[in-house]
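Numbers given in our numbering equal positions in the sequence shown, counted from 1, plus 106.
Positions of the beta carbon are idealized from the N, C-alpha and C atoms, including for glycine.
As the structure is a computational prediction, the values presented were derived from the model and not from experiment.
First the structure, in the form of structure tokens, and then the observations on it.
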Amino acid sequence: MDRLAPSSGIALDPVLRARLTALFDEGWEIWRRFDVEVRQREWHPFVPADYERMLQTLLPLRAPGRRFLEWGSGAGVITIMADLLGFEAYGIELDEGLVDTARGLAERHGSAARFQAGSLLPSGYRWRSPTADDRTGTIGEGESAYIGLGRPLDDFHLVYGYPWDGEEPLMLDLMRRYGDPGATLLLHGGGGTVEMFRGGRRVPPLVRT
Ligand SMILES: C[S@@+](CC[C@H](N)C(=O)[O-])C[C@H]1O[C@@H](n2cnc3c(N)ncnc32)[C@H](O)[C@@H]1O
Numbered sequence: 107m108d109r110l111a112p113s114s115g116i117a118l119d120p121v122l123r124a125r126l127t128a129l130f131d132e133g134w135e136i137w138r139r140f141d142v143e144v145r146q147r148e149w150h151p152f153v154p155a156d157y158e159r160m161l162q163t164l165l166p167l168r169a170p171g172r173r174f175l176e177w178g179s180g181a182g183v184i185t186i187m188a189d190l191l192g193f194e195a196y197g198i199e200l201d202e203g204l205v206d207t208a209r210g211l212a213e214r215h216g217s218a219a220r221f222q223a224g225s226l227l228p229s230g231y232r233w234r235s236p237t238a239d240d241r242t243g244t245i246g247e248g249e250s251a252y253i254g255l256g257r258p259l260d261d262f263h264l265v266y267g268y269p270w271d272g273e274e275p276l277m278l279d280l281m282r283r284y285g286d287p288g289a290t291l292l293l294h295g296g297g298g299t300v301e302m303f304r305g306g307r308r309v310p311p312l313v314r315t
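Here it is in structure tokens:
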């Protein structure tokens, strides 16, 4: 596994910028519909990330051949963005309806991003918190997605998740036990922050403001 280093130039080609803006606009439109049609009727864990913040986070991490995985890819915007930025991008999502939404979005935006229905938890994984509480919060149960994806977790250079409060330790544990030791984990926080971890340790983000 390579070590991540900032790519030299992060200027965004205007054509790519326009494609990303169109993707984000449609992503927000999908979210508005999902909120009215699904979330206002019953609770659902899907809430979208800050797309612009994620763009700024991913830009300096681009490099040829780098594989990106989104845990819980929702409507697919971040995985599709990663593909358009040049990553080999995959998303795993438990809700099959959202997987269909993401595949449709990818097709409309000319993206080769791949989406797999199933769980981000590898088969046999059991979460054991330091307090022996094995509840996984909003991270639901289902058949593990990695076999369908055709790649184990340690095939990815960059893994991204948007955990709900209190679920960060589980995602760090997953990376520690199943991820490549040189891989980078990006965790989106509820306040729109993005934290970066390597080898289980927090590292400064490469975002330029
Ligand atoms: C907070 S949302 C994040 C959506 C998207 N990653 C983003 O950043 O915009 C969490 C997503 O994880 C999905 N999810 C929950 N449990 C899962 C599991 N075990 N495996 C895969 N996806 C899961 C939910 O359905 C939801 O879409």
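Please determine, among the options, the residue with the shortest C-alpha to C-alpha distance to residue i.
{"i": "residue 304", "options": "281, 298, 156", "result": "281"}
{"i": "residue 272", "options": "306, 252, 245, 201", "result": "245"}
{"i": "residue 265", "options": "291, 254, 283", "result": "291"}
{"i": "residue 150", "options": "183, 214, 201, 309", "result": "201"}
{"i": "residue 248", "options": "178, 142, 156", "result": "178"}
{"i": "residue 135", "options": "183, 121, 148", "result": "183"}
{"i": "residue 256", "options": "197, 159, 147, 141", "result": "197"}
{"i": "residue 235", "options": "142, 276, 268, 185", "result": "276"}
{"i": "residue 283", "options": "297, 185, 233", "result": "233"}
{"i": "residue 158", "options": "126, 288, 189, 251", "result": "126"}
{"i": "residue 267", "options": "160, 219, 142, 143", "result": "160"}
How many Å lie between residue i and residue j at the Cα?
{"i": "residue 115", "j": "residue 210", "result": "The predicted position of residue 115 is uncertain, since its pLDDT is 48 and thus under 50; a value taken from the coordinates is nonetheless stated next. The straight-line gap from Cα to Cα measures roughly 31 Å."}
{"i": "residue 227", "j": "residue 278", "result": "12 Å"}
{"i": "residue 319", "j": "residue 262", "result": "Residue 319 falls outside the range modelled here, since the chain spans only 107 to 315, and no answer is possible."}
{"i": "residue 128", "j": "residue 118", "result": "15 Å"}
{"i": "residue 123", "j": "residue 162", "result": "12 Å"}
{"i": "residue 203", "j": "residue 258", "result": "23 Å"}
{"i": "residue 175", "j": "residue 221", "result": "10 Å"}
{"i": "residue 137", "j": "residue 300", "result": "20 Å"}
{"i": "residue 199", "j": "residue 180", "result": "6 Å"}
{"i": "residue 187", "j": "residue 131", "result": "12 Å"}
{"i": "residue 113", "j": "residue 164", "result": "Bear in mind that the predicted position of residue 113 carries a pLDDT of just 43, short of 50, making it unreliable; the figure below should be weighed with that in mind. Cα-Cα distance, rounded: 10 Å."}
{"i": "residue 306", "j": "residue 152", "result": "25 Å"}
{"i": "residue 213", "j": "residue 308", "result": "35 Å"}
{"i": "residue 298", "j": "residue 269", "result": "12 Å"}
{"i": "residue 250", "j": "residue 231", "result": "10 Å"}
{"i": "residue 274", "j": "residue 293", "result": "8 Å"}
{"i": "residue 146", "j": "residue 154", "result": "15 Å"}
{"i": "residue 216", "j": "residue 229", "result": "32 Å"}
{"i": "residue 185", "j": "residue 310", "result": "22 Å"}
{"i": "residue 260", "j": "residue 252", "result": "10 Å"}
{"i": "residue 189", "j": "residue 121", "result": "15 Å"}
{"i": "residue 243", "j": "residue 156", "result": "22 Å"}
{"i": "residue 302", "j": "residue 295", "result": "11 Å"}
{"i": "residue 289", "j": "residue 173", "result": "10 Å"}
{"i": "residue 111", "j": "residue 140", "result": "Caution is warranted here: a pLDDT of 42 is assigned to residue 111, below 50, making its placement in the model unreliable, and the coordinate value is therefore given only provisionally. Answer to the nearest angstrom: the Cα atoms are 37 Å apart."}
{"i": "residue 219", "j": "residue 254", "result": "15 Å"}
{"i": "residue 287", "j": "residue 133", "result": "32 Å"}
Check the DSSP bridge columns for residue i and list the partner residues they point to.
{"i": "residue 196", "result": "175, 220"}
{"i": "residue 301", "result": "293"}
{"i": "residue 225", "result": "250"}
{"i": "residue 159", "result": "Partner(s): none; residue 159 has no beta bridge."}
The alpha helix (DSSP H) with residue i in it runs from where to where?
{"i": "residue 205", "result": "202-214"}
{"i": "residue 284", "result": "274-284"}
{"i": "residue 138", "result": "120-140"}
Give the range of the beta strand (DSSP E) segment to which residue i is assigned.
{"i": "residue 259", "result": "Looking at the DSSP string, residue 259 is not in any beta strand (DSSP E), and its letter there is neither H nor E."}
{"i": "residue 183", "result": "Where residue 183 is concerned, there is no enclosing beta strand (DSSP E), although the alpha helix (DSSP H) it sits in stretches over 183-190."}
{"i": "residue 308", "result": "307-309"}
{"i": "residue 267", "result": "264-267"}
Would the C-beta of residue i count as close to ligand 3, meaning under 7 Å from any of its heavy atoms?
{"i": "residue 196", "result": "As for ligand 3, it is missing from this structure, which binds only ligand 1."}
ask   = Counting pairs of Cβ atoms below 8 Å between the region 189-209 and the region 228-242, do you hit three or more?
value = No, the region 189-209 is not in contact with the region 228-242.
key: Stretch pair the region 158-169 + the region 181-194: three plus CB contacts closer than 8 Å   = Yes, since at least three Cβ pairs between the region 158-169 and the region 181-194 fall closer than 8 Å, the two stretches touch.
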